[in-house]
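This report concerns only the one structure given below.
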Amino acid sequence: MPETDNRRWDAVLRRDRAADGTFVTGVLTTGIYCRPSCAARHPKRENVRFFADGAAARAAGLRPCLRCKPDEMARDAEGLAKAIALIERAETPPTLEEIADEAGYAPHHFHRLFRKRTGVTPAAYARAVRAKRMEAALKDNERVTDAIYDAGFSGPGRFYEEAEQRLGMAPSAWRRGGGGETVRWASAGTSFGPVVVAATERGICRLTFGGIEQLRQDFPHATIEPGGAGMADLVAQAVAVVEEPGRAHDLPLDVRGTAFQEAIWRELSQVPAGESVSYAALAARVGRPGATRAAGTACGANPVPLLIPCHRARRSDGSAGGYALGLEMKARILAREAPDTQRGLFD
585 MPETDNRRWD AVLRRDRAAD GTFVTGVLTT GIYCRPSCAA RHPKRENVRF FADGAAARAA
645 GLRPCLRCKP DEMARDAEGL AKAIALIERA ETPPTLEEIA DEAGYAPHHF HRLFRKRTGV
705 TPAAYARAVR AKRMEAALKD NERVTDAIYD AGFSGPGRFY EEAEQRLGMA PSAWRRGGGG
765 ETVRWASAGT SFGPVVVAAT ERGICRLTFG GIEQLRQDFP HATIEPGGAG MADLVAQAVA
825 VVEEPGRAHD LPLDVRGTAF QEAIWRELSQ VPAGESVSYA ALAARVGRPG ATRAAGTACG
885 ANPVPLLIPC HRARRSDGSA GGYALGLEMK ARILAREAPD TQRGLFD
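In terms of the numbering used here, the sequence shown opens at residue 585 and continues consecutively.
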């Protein structure tokens, strides 16, 4: 525990927003507790105690800081969790008013809160949830017409409109496991080893150091073919990000996951180079404060590592956690991205 508290204190000194929601800082001399990122003057270390949440701090006789309002984050996370649960269990997408009422907020305020914390609007999140139902229904039904109603659509028109936007292929092709889609690839050398960049017409769908065989495993029913000179610029830009992991980019991506996974990937993309975020904080930011393990799994499922910087995710105690490309690769990437700030991260 002392080592864990040292890491927490380091987060307080850095005013690390990534730590908000993972613990609160209690100051015994003033009788208040704060978020780790609170902008107030830092107290003396000997006067500080750490608590799991505001309830634990209040049980110890402390009161919330009026400046950083630590309990608002917990209330927001609880409201988001209720809203997301409503969206995911509803047979048809609920209205903004219904979602906000479930969360306990005014609609206009909740719309801003939801977008800030998840990266998407409530309507976009609901569409993503229904899209996953649609994908499952297409796999489970021989007839697309049956899948339309099983997924909760009122008729074919809306179904096909959303299917084309979401899947990037005909619904019948998706039901066949992606049959009929073309994935083009090209390889290039990097200082981390040979990399394969694969793309559909919509954007990069895989970045892998596992070679062409990895693509065939990922896309067993797609047509996989060399991209040739037409992919040269796309590959060059991707390699530039691999060689300089802190580089900002606007490469087109065609990545698909569950609504939760995609929310985690969006949040990862907002983490600045040289900084890190815990799995617990990621889960809290997307409205699932109890889904720490699922956040780690979402990071591991990232199909385009480095382009979506899952290497910036870590455990709450500051240790490295896992990485799909291996911890040695994670350490090398972080050291290159920000050698000063990341030194000793894995000690």
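Quick reminder that beta carbons are idealized off the backbone N, C-alpha and C, glycines included.
These numbers come from a predicted model, not from an experiment.
Specify the secondary structure class of residue i as computed by DSSP and reduced to three states.
i       : result
Val713  : helix
Leu1020 : Any property of residue 1020 remains undetermined from this structure, which presents the chain solely from 585 to 931.
Glu682  : helix
Asp604  : strand
Pro740  : Per-residue confidence for Pro740 stands at a pLDDT of 49, beneath the threshold of 50, marking its modelled position as unreliable; no derived number is given.
Cys649  : coil
Gln804  : A small correction: the amino acid at residue 804 is Pro; Gln does not occupy that position in the sequence shown. Coil, per DSSP.
Pro889  : strand
Glu859  : coil
Ala897  : strand
Gly830  : coil
His626  : coil
Thr702  : helix
Gly761  : Confidence in Gly761 is poor, its pLDDT being 46 and thus under 50, which makes the residue's placement unreliable; the coordinate value appears in the next sentence. Reduced to three states, the DSSP call for Gly761 is coil.
Glu785  : coil
Gly884  : helix
Thr588  : helix
Pro677  : coil
Ala707  : helix
Ala908  : coil
Ala864  : helix
Ala690  : coil
What does DSSP give as the partner residue(s) for residue i in the beta ladder?
i      : result
Ala772 : Val779
Gly610 : Tyr617 and Arg633
Thr766 : Thr807
Assuming residue i contacts residue j under a Cβ cut-off of 8 Å, what Cβ separation, rounded to an integer in Å, is found between them?
i      : j      : result
Ser860 : Ala661 : Rounded, the Cβ-Cβ distance is 20 Å, inconsistent with contact.
Gly880 : Gly906 : 7 Å
Thr784 : Glu827 : With 8 Å as the limit, Thr784 and Glu827 do not qualify as a contact, their Cβ atoms being about 24 Å apart.
Pro887 : His895 : With a Cβ gap of about 14 Å, Pro887 and His895 do not count as contacting.
Phe607 : Pro627 : With a Cβ gap of about 15 Å, Phe607 and Pro627 do not count as contacting.
Trp769 : Val781 : 7 Å
Ala897 : Leu866 : 6 Å
Gly830 : Ala922 : 7 Å
Arg647 : Ile616 : 6 Å
Glu765 : Ala712 : Not quite, the Cβ-Cβ distance comes to about 20 Å (not below 8 Å), so this is no contact.
His695 : Leu680 : 6 Å
Ala832 : Leu891 : Actually they are not in contact, since the Cβ atoms of Ala832 and Leu891 sit about 11 Å apart, beyond 8 Å.
Ala710 : Pro677 : 4 Å
Trp593 : Arg651 : Actually they do not touch by this definition, with Cβ atoms about 19 Å apart.
In terms of residue numbering, what span does the alpha helix (DSSP H) encompassing residue i cover?
i      : result
Pro654 : Pro654 to Arg673
Val823 : Ala816 to Glu827
Arg642 : Gly638 to Ala643
Ala813 : It is not in any alpha helix (DSSP H) - Ala813 carries neither H nor E in the DSSP assignment.
Arg920 : Leu911 to Glu921
Arg872 : First-last for Arg872: undefined, no H or E at that position.
Arg599 : Looking at the DSSP string, Arg599 is not in any alpha helix (DSSP H), and its letter there is neither H nor E.
Gln854 : Here Gln854 belongs to no alpha helix (DSSP H), and DSSP marks it neither H nor E.
From what residue to what residue does the beta strand (DSSP E) around residue i run?
i      : result
Cys789 : Ile788 to Thr792
Would residue i pass as an interface residue toward chain C - the criterion being a Cβ-Cβ separation below 8 Å?
i      : result
Met913 : Given the protein chain composition of this structure (a single chain), no chain C is represented.
Could you say if the region 684-699 and the region 660-673 meet the contact criterion of at least three C-beta pairs nearer than 8 Å?
yes
Indicate whether the contact test is met: 3 or more Cβ pairs, each with one atom in the region 909-916 and one in the region 865-875, closer than 8 Å.
Under the three-pair Cβ rule at 8 Å, the region 909-916 does not count as touching the region 865-875.
Are the region 844-863 and the region 622-638 in contact at 8 Å, needing three or more beta carbon pairs?
no
Touch test, the region 831-846 against the region 796-812, Cβ-Cβ under 8 Å, three pairs minimum
No: the two stretches stay apart, fewer than three of their Cβ pairs being nearer than 8 Å.
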